[in-house]
Each structure stands twice: as C-alpha cells, then as structure tokens.
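**Q**
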Amino acid sequence: MADGCDCDRNALIYQTVDAALTLGLSIAHPVDNTESLPLQQAIGRVLAEECYSKVDMPAFDNSAMDGYAIRTGDLDEGTEFELPIGGRMAAGDSGMHNAPLDSALRIFTGAPVPTEFDAVLMQEDCSVIADRIRFSRRPKPGQHIRRTGEDLQVGAQILSRGCEITAREAAVLASSGHGRVKVYRKLRVTIFSTGSELREPDEVLGPGQIYNSNRYMLLALLNKPWIDLTDCGQIEDAPKLLKRVLEEACETSDLIVTTGGVSVGDEDHMPRLFKEIGGETDVMKVAMKPGKPIMFGRRGDALYVGLPGNPVSAYVTWQIIGSHMMARKAGLSHTQPESEQAVLAEPLQRHAGRQEFRPVRIEGKSSDGTPQLRCLAASYSGRVALLAQSDGLAVIPAEIAHLPKGHRIEFLRFNRLF
Ligand code: AMP
Ligand code: MG
Numbered sequence: 014m015a016d017g018c019d020c021d022r023n024a025l026i027y028q029t030v031d032a033a034l035t036l037g038l039s040i041a042h043p044v045d046n047t048e049s050l051p052l053q054q055a056i057g058r059v060l061a062e063e064c065y066s067k068v069d070m071p072a073f074d075n076s077a078m079d080g081y082a083i084r085t086g087d088l089d090e091g092t093e094f095e096l097p098i099g100g101r102m103a104a105g106d107s108g109m110h111n112a113p114l115d116s117a118l119r120i121f122t123g124a125p126v127p128t129e130f131d132a133v134l135m136q137e138d139c140s141v142i143a144d145r146i147r148f149s150r151r152p153k154p155g156q157h158i159r160r161t162g163e164d165l166q167v168g169a170q171i172l173s174r175g176c177e178i179t180a181r182e183a184a185v186l187a188s189s190g191h192g193r194v195k196v197y198r199k200l201r202v203t204i205f206s207t208g209s210e211l212r213e214p215d216e217v218l219g220p221g222q223i224y225n226s227n228r229y230m231l232l233a234l235l236n237k238p239w240i241d242l243t244d245c246g247q248i249e250d251a252p253k254l255l256k257r258v259l260e261e262a263c264e265t266s267d268l269i270v271t272t273g274g275v276s277v278g279d280e281d282h283m284p285r286l287f288k289e290i291g292g293e294t295d296v297m298k299v300a301m302k303p304g305k306p307i308m309f310g311r312r313g314d315a316l317y318v319g320l321p322g323n324p325v326s327a328y329v330t331w332q333i334i335g336s337h338m339m340a341r342k343a344g345l346s347h348t349q350p351e352s353e354q355a356v357l358a359e360p361l362q363r364h365a366g367r368q369e370f371r372p373v374r375i376e377g378k379s380s381d382g383t384p385q386l387r388c389l390a391a392s393y394s395g396r397v398a399l400l401a402q403s404d405g406l407a408v409i410p411a412e413i414a415h416l417p418k419g420h421r422i423e424f425l426r427f428n429r430l431f
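For the sequence shown, the working numbering gives the first residue as 14, with consecutive numbering after it.
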C-alpha cells in the first residue's frame, strides 16, 4: 500500500475536512454513564438531562424598587398626592403586614408586594414629611412590581442536555431550585507525544534533540473540568513500547490523543500499531493544510486520534477535527465554532488543492468594521512561535490559489475555539 500500512481500506481515502469531521463525529458516541452531583460540584461539567424550573420565577409578586407600595384606587383625582406610611416590608419578610387602608407601605427591592397593593413608587419620586409621603405623578397599576412567574413558570425548560455548566447555567439552575443535577461522567483522556528526539523544556538538549511542545499544548487544550486526564509524557519511537502504551491507554480511556508518528516515514509507527492492537482506522489522511497526516479510529468504545507531530499541524488538526470528536464523546451538544467574515490586508498566493487554515494576525479594521488579516508566513507547519503571535486561522477553500487584497474570507478566532 502507498503508505506501507496495512490499514482499513476505506481509511486510505484522502478525505476532505468536512467528510473527515462528519465521519469523526459519527463515531464519537457520548459516554453512557452519568452521575448525580450537588450543584457546586457540577460546575464545569456537562449536563446530562433536560432541566425544568421547579419554581415560578419570580416565586411571588415582589418590588423591583426601593420605595413605597400603594393602592392606586386610594388616590383621588388631581396631581398632588399624600399618604401616611402604614407599615414596612423588606426582602425576606413574609408579606404579612398590618398597614391600614389608605396608607402606603415602605418597601424594598425584592420584598413581597401584598396583594392589596398594586403599584410601587420609586423613593426618588416621593418626598417624605414626618411619616407621610408626597408625590405628584399618578402611578400606573402594576408599576415596579415583578409578577409571579413572569420570567418563567414552574415546569418551563431552562436548559438542554449537553450544555457545559458555566456561570450562566449554574445561576439558572440554582435560581430554579436544582440543588443536584445529572452530569456525564468525566471523559477519560490519555495523551502522549511520540518521538525519540523530544526532551522536556527544563532539560539540556543534546545533538538532534528538540523540546516537546505538543505535550504542553495538549495539556492546556485538555485542561477542562469535564476531563480526567492521564499524561504519559513522551514515548520514544520504539514500536514495542509505543504499542504497549497505546494498548493500555485504549483499555483505560475513552479517548487517546497522540502526536507524531502518523505519517509515512519509517519511524511513523502509529497507524500500524493501532491496527495490530485491534483498532479500526476510519481516517488516515485529510486534505487540509497544515496537517495532512491525521488519523483517527476506534477500538471498542475507545476513540483514538493521532495528530501530526509538527506543532502547528497538531494544533490546527486538533481544533478543526479532534476537539469536536472529543466534545461529542464528552456529551457536549456543541458542534462547530462560529466563524466570522474578515478581509485580507494583502494578496494571497498559494498552491490550490487542500483546504487551508492559515495562522493570521488582525491588523486593523476596514471602514465597515470587518477585521483585516495579515498572514504571518506562507510556510508554517512547524513554526510554533507563529501561533502565539496569531489571532486566529484564515480558512482558504481547497480550490483557491490566489486571492486579491481586500478579499472577504472566513476567519476562526482562537478565542472562539476550544
Ligand atoms: P512526525 O509527525 O513524528 O514525523 O514529526 C514531524 C515533525 O514534528 C518532526 O520535525 C518532529 O521532530 C516534530 N515533532 C514531533 N513531535 C513533536 C513534539 N511533541 N513537540 C515538538 N515537535 C515535535
Ligand atoms: Mg516522529
């Protein structure tokens, strides 16, 4: 076979990015175990149930302002009004009161508005003389009262399964009475970097050696509250050792992510080893730049994603394909990052053929506010320093070889990616 590997035949097809992603998502089934956790421990996790409000929100009629509750029916005709202050109601009070008829009730934000009162005056609109209030604008019935259930009624859906419980989700769960929630169990992910040349950044480099950047890139990318990460560090290009580590990872993990060793060189062992341990490879090559060699497949319930060794290729293939497979596997309903429109600050020339995700920097804005992009280099798959200077990836369609200055182009901002 062309790449010297006895891999599953269909996997040898050179897939487009879209086809590879569709295939990747189709084999990434959400983990089937869930656990019920107290809300404070569920923060950052992936919700595994639809959630409905257990209460009306608000739960009772309450004041939206600090001021005075009145009955509009008590007011005579005219433009100047005066009422005695007959009682007081603060947040946390039960709503019971003994304010006589024809009196106002001193009230504070969040306090219950007893049913007999039908409007709240802002204190800024009243003057207080002794124990009476005066005001000159007739309030509308209902004014500054937050009515029971006006935000949400008991039983209304608040969240869908598959969302990450971030600040906003945690707040709505708490406000609607969910002290415990069902979440997907943490995704067990194992990572390792293949390559005999790799050393850790605090070591002294010998001849032919380089620092392992992919390990730290993956540690950062996979630093999620819904991931239980096992980091096997660097593994040299020794087939026996690689095979043992890969096999063990497949037995204990939901997802295995490696870098390097997936191309066609003599030291690229991963496709063959994955096959040897009983793995079924779905994709071997994707028509994308950077990152043509990226493989993924499954063994039992475990997913394997083999990223290329070049750091920029590893980063981009992870963002464009691997991260979405991982998200699906973790139970997240999220699919694609939203791209935006941008324009080129300079002409772009390249070889057509593969869809390209080129690191770019935002250089300014055009008159309509669209970001203007400058490409930092045409050749960059190993140049990891470029990534740190870039703001995102310009998406160049496969068939395009030349784009003029000012051309509109799809842009993926790094801060919208995983
Ligand atoms: P490979 O895909 O294993 O052929 O590696 C392609 C290129 O990426 C080679 O120049 C490797 O030295 C380099 N490379 C592989 N893994 C890493 C890593 N973890 N960190 C930095 N560079 C790497
Ligand atoms: Mg290698």
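C-beta atoms are modelled at their ideal positions from N, C-alpha and C, and glycine is treated no differently.
Just to confirm, does Asp381 get its C-beta within under 7 Å of one of the non-hydrogen atoms of the ligand AMP?
**A** Incorrect: Asp381 has no Cβ contact closer than 7 Å to the ligand AMP.
**Q** Taking only the alpha-carbon atoms, compute the straight-line gap between Leu400 and Ile334 and give it to the nearest angstrom.
**A** Cα to Cα, the separation comes out at about 18 Å.
**Q** Which runs of the alpha helix (DSSP H) at least 4 residues long sit entirely within the stretch 320 to 365? Give them in chain order.
**A** With a minimum length of 4 residues, the continuous alpha helix (DSSP H) runs that stay inside the stretch 320 to 365 are 324 to 330, 336 to 342.
**Q** Assuming Ile240 contacts Leu200 under a Cβ cut-off of 8 Å, what Cβ separation, rounded to an integer in Å, is found between them?
**A** Going by Cβ atoms, the distance from Ile240 to Leu200 rounds to 5 Å, so yes, they are a contact pair.
**Q** Measure the C-alpha to C-alpha separation of Asp138 and Thr128 and round it to an integer number of angstroms.
**A** Taking the straight line from one Cα to the other gives about 22 Å.
**Q** For Thr207, which of helix, strand or coil comes out of DSSP?
**A** Thr207: strand per DSSP, three-state reduction.
**Q** Apart from the five residues just before and just after Arg160, which ones in its own chain have a Cβ nearer than 8 Å to its Cβ?
**A** Answer for Arg160: Pro71, Asp74, listed in chain order.
**Q** Please indicate yes or no: does the CB of Val275 lie closer than 7 Å to some heavy atom of the ligand AMP?
**A** The answer is yes for Val275.
**Q** Let me check you understand the geometry: is the CB of Gly304 closer than 7 Å to at least one non-hydrogen atom of the ligand MG?
**A** Incorrect: Gly304 has no Cβ contact closer than 7 Å to the ligand MG.
**Q** Which of the three DSSP states, helix, strand or coil, is assigned to Ala33?
**A** Helix at Ala33.
**Q** On a Cα-Cα basis, can you pick out the residue from Gly366, Ala365, Gln402, Gly382 that is closest to Arg374?
**A** Considering only alpha carbons, the answer is Gln402.
**Q** Given 8 Å as the limit, is there contact between the stretch 143 to 153 and the stretch 91 to 99, that is, 3 or more CB pairs closer than that?
**A** Yes, the stretch 143 to 153 touches the stretch 91 to 99.
**Q** Taking the C-alpha atoms as reference points, what is the distance between Gly37 and Gly278?
**A** Computed Cα separation, rounded: 25 Å.
**Q** Confirm, please, whether the CB-CB distance from Val30 to Val299 is below 8 Å.
**A** Cβ distance < 8 Å, so Val299 and Val30 count as in contact.
**Q** Can you tell me where the beta strand (DSSP E) with Arg193 in it begins and where it stops?
**A** Segment 193 to 197, the beta strand (DSSP E) holding Arg193.
**Q** Identify every residue that forms a DSSP beta bridge with Cys64.
**A** Note: Cys64 sits in a beta bridge opposite Leu172.
**Q** Can you list, in chain order, the residues of its chain whose CB lies under 7 Å from that of Gly419, leaving out five sequence neighbours each side?
**A** Same-chain partners within the cutoff: Val356, Leu357.
**Q** Along the chain, where does the beta strand (DSSP E) that runs through Thr271 open and close?
**A** Here the beta strand (DSSP E) through Thr271 covers 268 to 272.
**Q** Return the chain-ordered list of same chain residues with a C-beta closer than 6 Å to the C-beta of Ala15, the five sequence neighbours on each side being excluded.
**A** Residue confidence for Ala15 is low, a pLDDT of 41 falling below 50, so the modelled location carries little weight; the figure read from the coordinates is stated next. Result list for Ala15: empty, nothing under 6 Å.
**Q** Enumerate in chain order the residues of its own chain whose CB-to-CB distance from Ala414 is below 8 Å, with the five nearest sequence positions on each side excluded.
**A** Excluding positions up to five away in sequence, the list reads Gln362, Arg363, His364, Ala365.
**Q** Where do the N-terminal and C-terminal ends of the beta strand (DSSP E) with Glu376 fall, by residue?
**A** Here the beta strand (DSSP E) through Glu376 covers 368 to 378.
**Q** Between the stretch 98 to 108 and the stretch 54 to 63, can you find at least three pairs of beta-carbon atoms closer than 8 Å?
**A** At 8 Å Cβ cutoff, the stretches do not touch.
**Q** Going by DSSP in three states, Ile409 sits in which element: helix, strand or coil?
**A** Residue state, collapsed to three classes: strand.
**Q** Kindly give me the distance between the Cβ atoms of Arg5 and Ser346, rounded to whole angstroms, as I take these residues to be in contact under 8 Å.
**A** This structure cannot settle anything about residue 5, because the visible part of the chain is limited to 14 through 431.
**Q** For Phe309 and Ala327, I'd like the C-alpha separation in whole angstroms.
**A** Those two C-alpha atoms are separated by around 13 Å.
**Q** Helix, strand or coil for Lys385 per DSSP?
**A** The question names Lys, but residue 385 in the sequence shown is Gln. Here Gln385 sits in strand by DSSP.
**Q** In this structure, how does DSSP classify Ile290 when only helix, strand and coil are distinguished?
**A** Residue state, collapsed to three classes: coil.
**Q** Using DSSP with H/G/I as helix, E/B as strand and the rest coil, what is Tyr229?
**A** DSSP places Tyr229 in helix when its eight states are reduced to three.
**Q** Whether or not the stretch 223 to 240 and the stretch 284 to 291 are in contact is what I'm after, with contact meaning three or more pairs of Cβ atoms, one per stretch, closer than 8 Å; do they touch?
**A** At 8 Å Cβ cutoff, the stretches do not touch.
**Q** Taking 7 Å as the line, does the beta carbon of Asp279 fall inside it for any heavy atom of the ligand AMP?
**A** Flag unset: Cβ of Asp279 not near the ligand AMP.
**Q** When we look at the beta-carbon of Leu114 and count the other beta-carbons within 10 Å, is it buried (16 or more) or exposed?
**A** Result: exposed.
**Q** What three-state label does DSSP hand Ile40 in the structure shown?
**A** DSSP places Ile40 in helix when its eight states are reduced to three.
**Q** Run through DSSP, which three-state label would Glu213 get?
**A** In this structure, Glu213 counts as coil in the three-state DSSP scheme.
**Q** What are the partner residues of Phe431, as DSSP defines its beta bridges?
**A** In the DSSP output, where bridge partners are listed per residue, Phe431 has none listed.
**Q** In angstroms with no decimal places, state the Cα-to-Cα distance between Gly168 and Ile409.
**A** Computed Cα separation, rounded: 47 Å.
**Q** Give me the residue from Pro321, Met338, Pro360 with the minimum Cα distance to Ser394.
**A** Looking at the Cα atoms, Pro321 is the closest of the given residues.
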